[in-house]
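> Numbering (the numbering used here), first residue to last: 160 to 410.
Ideal placement from N, C-alpha and C gives every residue a C-beta, glycine not left out.
Once you've had a glance at the structure underneath, I'll fire off some questions.
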Ligand SMILES: [Ca+2]
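What follows is the structure, encoded as structure tokens:
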């Protein structure tokens, strides 16, 4: 059988070949968008049960969501200096894909800062699996949403329009990047960047939702506002109507 390996002199068997093949595979995995999933309008992660809903970093915490008993959430704990020194979680499955084709203009999240330090939350989109080594185009929230220590549950909105995000790595345009997202990251950072800032903090998140464009997805938006309004009475947070339209922040 003819070998698939294009360089016969190198071969693809033995330690060298295996190592080289692994290296090529690793580089390819970093360069090629994963597209394990296709993001869709209105999709919603609620962390029911022990699953992390495809999110990496953090743990599933039973009965820790905004609804209390029976409502699970994802908790991130950062110690400020080790590999777990930052508040960051990321998704490379159902949150990868074409955000522009899907008509998504913001990410809505329930958050609860149970730690002792205030947080500045941002979303970051990348066309590769990792921002390291300068690979890929990455866009981050220009304006962070502050979530104070001891906040209780709040609903926040992170708009992702072309004027809401800033390129923090790479050279690709906004449309190309948001049209081929491989990784969505949620993190704390003082300025827009690909990675979080070290901090001692604890953050719980729940009900991550892809919010539609105003007007074109009015029914979906109305439903989302209804959900947020229902949670509002049980938390300190509130949803600003303009914020839900992707033009301001939540408090
Ligand atoms: Ca939940």
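Kindly give me the distance between the Cβ atoms of residue 256 and residue 296, rounded to whole angstroms, as I take these residues to be in contact under 8 Å.
For this step, residue 256 is matched to residue 97 along the chain shown. For this step, residue 296 is matched to residue 137 along the chain shown. Contact flag wrong, Cβ pair sits at about 15 Å.
> Run the CB neighbour count on residue 270, radius 10 Å, all protein chains shown included, and call it buried at 16 or more, exposed below.
Start at 1 with the first residue of the chain shown, and residue 270 comes out as number 111. Buried.
> Just to confirm, is the Cβ distance from residue 246 to residue 360 under 8 Å?
Counting from one through the chain shown, the residue named residue 246 turns up at place 87. Counting from one through the chain shown, the residue named residue 360 turns up at place 201. Yes. Within cutoff.
> Is the beta carbon of residue 362 closer than 8 Å to that of residue 284?
As a position in the chain shown, residue 284 is number 125, starting the count at 1. As a position in the chain shown, residue 362 is number 203, starting the count at 1. For residue 284 and residue 362, no; Cβs fall outside 8 Å.
> Pairs of beta-carbons, one from the stretch 306 to 320 and one from the stretch 209 to 216, closer than 8 Å: are there three or more?
Because the criterion of three Cβ pairs below 8 Å is not met, the stretch 306 to 320 and the stretch 209 to 216 do not touch.
> Please classify residue 376: is it buried, with 16 or more other beta-carbons within 10 angstroms of its beta-carbon, or exposed?
Numbered from 1 along the chain shown, position 217 holds the residue referred to as residue 376. Residue confidence for residue 376 is low, a pLDDT of 49 falling below 50, so the modelled location carries little weight; the figure read from the coordinates is stated next. So residue 376 ends up on the buried side.
> Can you name, in chain order, every residue of its own chain whose Cβ lies under 7 Å from the Cβ of residue 290, other than the five neighbours on each side?
Here residue 290 is taken as the residue at index 131 of the chain shown, counted from 1. 297, 328, 353, 354.
> Between the C-alpha atoms of residue 253 and residue 240, what's the straight-line distance to the nearest angstrom?
The residue labelled residue 253 in the question sits at position 94 within the chain shown. The residue labelled residue 240 in the question sits at position 81 within the chain shown. Roughly 30 Å between the two C-alpha positions.
> Is the closest heavy atom of ligand 1 to the C-beta of residue 207 under 7 Å?
Sequence index remark: in the chain shown, residue 207 carries index 48 (1-based). Checking every heavy atom of ligand 1 against the Cβ of residue 207, one is found closer than 7 Å.
> For residue 364, which beta-bridge partners are listed by DSSP?
By 1-based counting over the chain shown, the position of residue 364 is 205. Looking at the DSSP assignment, residue 364 forms a beta bridge with 233, 270.
> Within the present structure, is the beta-carbon of residue 296 separated from the nearest heavy atom of ligand 1 by less than 7 Å?
Stepping through the chain shown from its first residue, residue 296 is reached at position 137. Not under cutoff, so the answer is no.
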